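Student: Numbering (my numbering), first residue to last: 2 to 83.
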Amino acid sequence: SIVRATQFMEFMEAVLSWTASDDSVRLPATPIQPIAAKDVAAAVADVAVGPPLNGIRNIGGPEVFPLDELGRLTLAHKGDAR
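So this is what it looks like as structure tokens:
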């Protein structure tokens with residue numbers, strides 16, 4: 002059994018730090034569907050104690066965001082004016 006997850010929501014701060022340049026952050030409008038790490042952990046636990054899937058379970062967060070918009074939302078939540 003394999004559980005494949007979209008990008009973790011918690012990874013967003015690292016993405017912002019990698020793409021920051023002085024007083025700005027540059028991100029593309031690439032659509033992403035981030036998921037909370039705790040939700041991934043719960044899905045992995047469910048699969049681990051359940052019967053074999055003999056396949057792959059794909060999981061993702063409930064919403065799709067353009068990466069640049071998610072970056073703006075994350076910065077605003079932290080009070081960062083970039």
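Note that the Cβ used here is the ideal one computed from N, Cα and C, for glycine as well.
Computed from a predicted model, the values in this text were never measured in an experiment.
1) From the DSSP output, which residues share a beta bridge with residue 58?
2) For residue 72, tell me which candidate among 5, 29, 23 has the shortest Cα-Cα distance.
3) Check residue 38 in the structure and name its three-state DSSP category.
4) Quick check on this structure: which residue in 7, 33, 3 has the alpha carbon closest to the alpha carbon of residue 61?
5) In the DSSP output, which residue or residues are listed as bridge partners for residue 26?
6) Measure from the alpha carbon of residue 20 to the alpha carbon of each residue in 51, 37, 35, 69, then state which is nearest.
7) Pull up the distance between the alpha-carbon of residue 54 and that of residue 37, whole angstroms please.
Tutor: Reading it off the structure:
1) 4
2) 29
3) helix
4) 7
5) 21
6) 69
7) 23 Å
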